[in-house]
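Undergrad:
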Amino acid sequence: METVILAVVIAVVVLGAISGLVVSGRRKKQLPPPPPAAPQPSVTAPPAEPHVGEEAETPSDEERRTIEEVELPTAEAPAAEAEAPVAEPAAPAAPAVEVPEPTAGRLVRLRARLARSQNTLGKGLLTLLSREHLDEDTWEEIEDTLLTADVGVAPTQELVERLRERVKVLGTRTPEDLRQLLREELLALIGTDADRTVHTANGIGNGGDEIPGVVMVVGVNGTGKTTTTGKLARVLVADGRSVVLGAADTFRAAAADQLQTWGERVGARTVRGPEGGDPASIAFDAVKEGIAESADVVLIDTAGRLHTKTGLMDELGKVKRVVEKHGPVGEVLLVLDATTGQNGLVQARVFAEVVDITGVVLTKLDGTAKGGIIIAVQRELGVPVKLVGLGEGPDDLAPFEPEAFVDALIN
Numbered sequence: 002m003e004t005v006i007l008a009v010v011i012a013v014v015v016l017g018a019i020s021g022l023v024v025s026g027r028r029k030k031q032l033p034p035p036p037p038a039a040p041q042p043s044v045t046a047p048p049a050e051p052h053v054g055e056e057a058e059t060p061s062d063e064e065r066r067t068i069e070e071v072e073l074p075t076a077e078a079p080a081a082e083a084e085a086p087v088a089e090p091a092a093p094a095a096p097a098v099e100v101p102e103p104t105a106g107r108l109v110r111l112r113a114r115l116a117r118s119q120n121t122l123g124k125g126l127l128t129l130l131s132r133e134h135l136d137e138d139t140w141e142e143i144e145d146t147l148l149t150a151d152v153g154v155a156p157t158q159e160l161v162e163r164l165r166e167r168v169k170v171l172g173t174r175t176p177e178d179l180r181q182l183l184r185e186e187l188l189a190l191i192g193t194d195a196d197r198t199v200h201t202a203n204g205i206g207n208g209g210d211e212i213p214g215v216v217m218v219v220g221v222n223g224t225g226k227t228t229t230t231g232k233l234a235r236v237l238v239a240d241g242r243s244v245v246l247g248a249a250d251t252f253r254a255a256a257a258d259q260l261q262t263w264g265e266r267v268g269a270r271t272v273r274g275p276e277g278g279d280p281a282s283i284a285f286d287a288v289k290e291g292i293a294e295s296a297d298v299v300l301i302d303t304a305g306r307l308h309t310k311t312g313l314m315d316e317l318g319k320v321k322r323v324v325e326k327h328g329p330v331g332e333v334l335l336v337l338d339a340t341t342g343q344n345g346l347v348q349a350r351v352f353a354e355v356v357d358i359t360g361v362v363l364t365k366l367d368g369t370a371k372g373g374i375i376i377a378v379q380r381e382l383g384v385p386v387k388l389v390g391l392g393e394g395p396d397d398l399a400p401f402e403p404e405a406f407v408d409a410l411i412n
């Protein structure tokens, strides 16, 4: 009996085990595929591409698709990107060409600046002449005022004698009478009938053809010669002239760069050569370029030579002679620093011996009370002051107008 019971128990256990296996197998078939394992942070292997015929891995909430139904990235996309033209960086814009203000009446517009710097001359004379009694001491003070302003000894004596005579005849002296008297006498000393035009008209070359007007700018280092040449280019462009610049100052570092910068601002071409090159050759080429471009004017900036060095002064004469192989030089402008006073006259004499000076440019006239140098230099050279510099701005170079100058002194 016990044997029978044991056999039944074993049979039941065996049947139960078999039934469990069957149920477990069915459950496995009904469960969805397990989700892919999360990538380990330390290992990032790219998923293997599915092969044709295999099923692509699909999220559990999407239908499973075969490889033919999945849109794979094509190899053409990167190639198209590679073939796309690379945009070249835009070229830097050319600097805008400036349009200088008209030169007509420019000295009048700068009159206030001139008057502030020349009070010692004009206002000082008016104050002295307004005294009730003009004794010898007063006339000596008037004379000292004129000499301090660098009018020069001979012009000072001439002016004082004229004032003595006219005040004596005038008798009663109102401030307005004195101002008019002084204005007339100063204008007589400066001169109102001189030709102060900068001659830039086209000339006739040695071959009979028309050539541009040629202007040479000369002067000692430190007078503002190169800057004056650049400002003169602006004056000419403002008056409707086309300009070529010749950078014949090859001995001062960066002189050619400085001149070229001035030219670019108004659209003027600059002809230059190597540093230390032959100035005469560059001046010759500048005129040649001006002829080729049918320019109106060629401005030649020469080296700022020390007037005590004979060899350098002789070379300046050579520059002029070489340029004249093309044709005549219309102007030779001597640049003088008004603050140097009588020393500027020494420079003027030596330059006049080497080249025929046709006009004077006085710079830094706004920074000095020595405006009388205008009278003295004209007497010394016998040529007029044609341009005056009244500041550091690009348009502070003005044609000299005697009436506007005198009015700035005494008003």
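Counting the sequence shown from 1 gives a position; my numbering is that position plus 1.
Positions of the beta carbon are idealized from the N, C-alpha and C atoms, including for glycine.
1. Could you tell me which residues DSSP pairs with ASP338 in its beta bridges?
2. Name the one or two DSSP bridge partners that ASP302 has.
3. Counting Cβ pairs closer than 8 Å, one from the segment 387 to 404 and one from the segment 192 to 201, do we hit at least three?
4. Can you list, in chain order, the residues of its chain whose CB lies under 7 Å from that of LEU398, leaving out five sequence neighbours each side?
5. Assuming VAL98 and GLY268 make a contact with CB atoms under 8 Å, what is their CB distance in whole Å?
6. Does the beta-carbon of THR128 have 16 or more other beta-carbons within 10 angstroms, so that it is buried, or is it exposed?
7. Excluding the 5 residues preceding and the 5 following ARG165 in the sequence, name in chain order all residues of the same chain whose CB lies nearer than 6 Å to its CB.
8. Per the DSSP calculation, LEU388 is bridged to which residue(s)?
9. Report the option in PRO329, ILE411, GLY394 whose CA atom is closest to the CA atom of ARG107.
10. Distance, Cα to Cα, GLN158 vs ARG273?
11. Out of ASP138, ILE283, GLY345, GLY208, which one is the CA nearest neighbour of LYS365?
12. Pull up the distance between the alpha-carbon of ASP178 and that of VAL152, whole angstroms please.
13. Quick check on the burial criterion: 16 or more other C-beta atoms within 10 angstroms. Buried or exposed for ARG112?
14. Do the CB positions of ASN203 and ILE212 come within less than 8 Å of each other?
15. Below 8 Å CB to CB, which residues in the same chain sit around ASP250 once its five sequence neighbours on both sides are set aside?
16. Along the beta strand (DSSP E) that carries ARG270, what are the first and last residues, could you check?
17. GLU102 by DSSP, collapsed to three states: which one?
18. Which of the three DSSP states, helix, strand or coil, is assigned to VAL333?
19. Expressed to the nearest angstrom, what Euclidean distance is found between the alpha-carbon atoms of TRP140 and ASP408?
TA: On the basis of the coordinates in this document:
1. DSSP output for ASP338 lists THR364 as bridge partner(s).
2. In DSSP, ASP302 forms a bridge with VAL218, ALA248.
3. With a cut-off of 8 Å, the segment 192 to 201 and the segment 387 to 404 count as touching, because enough Cβ pairs lie within range.
4. Here the set comprises THR229, LYS232, LEU233, VAL236, LEU388, GLY390.
5. Indeed they touch by this definition, with Cβ atoms about 4 Å apart.
6. Exposed.
7. Excluding residues up to 5 positions away in sequence, nothing lies with its Cβ nearer than 6 Å to the Cβ of ARG165 in the same chain.
8. According to DSSP, LEU388 bridges with VAL362, PRO400.
9. The shortest Cα separation from ARG107 among PRO329, ILE411, GLY394 belongs to GLY394.
10. Here the alpha carbon of GLN158 sits roughly 48 Å from the alpha carbon of ARG273.
11. Closest by alpha carbon: GLY345.
12. Straight-line Cα distance between these residues: approximately 23 Å.
13. Note on ARG112: 16 or more other CB atoms within 10 angstroms of its CB, so buried under the neighbour-count rule.
14. Against a cut-off of 8 Å, the Cβ pair of ILE212 and ASN203 comes out as a contact.
15. Counting only Cβ-Cβ distances below 8 Å, and skipping sequence neighbours, we find LYS226, THR227, ALA256, ALA257, LEU260, PRO280, ASP302, THR303, ALA304, GLY305.
16. Where ARG270 is concerned, the enclosing beta strand (DSSP E) starts and stops at 270 to 272.
17. Coil at GLU102, not helix or strand.
18. Of the three classes helix, strand and coil, the one that applies to VAL333 here is strand, per DSSP.
19. TRP140 and ASP408: Cα-Cα distance of roughly 23 Å.
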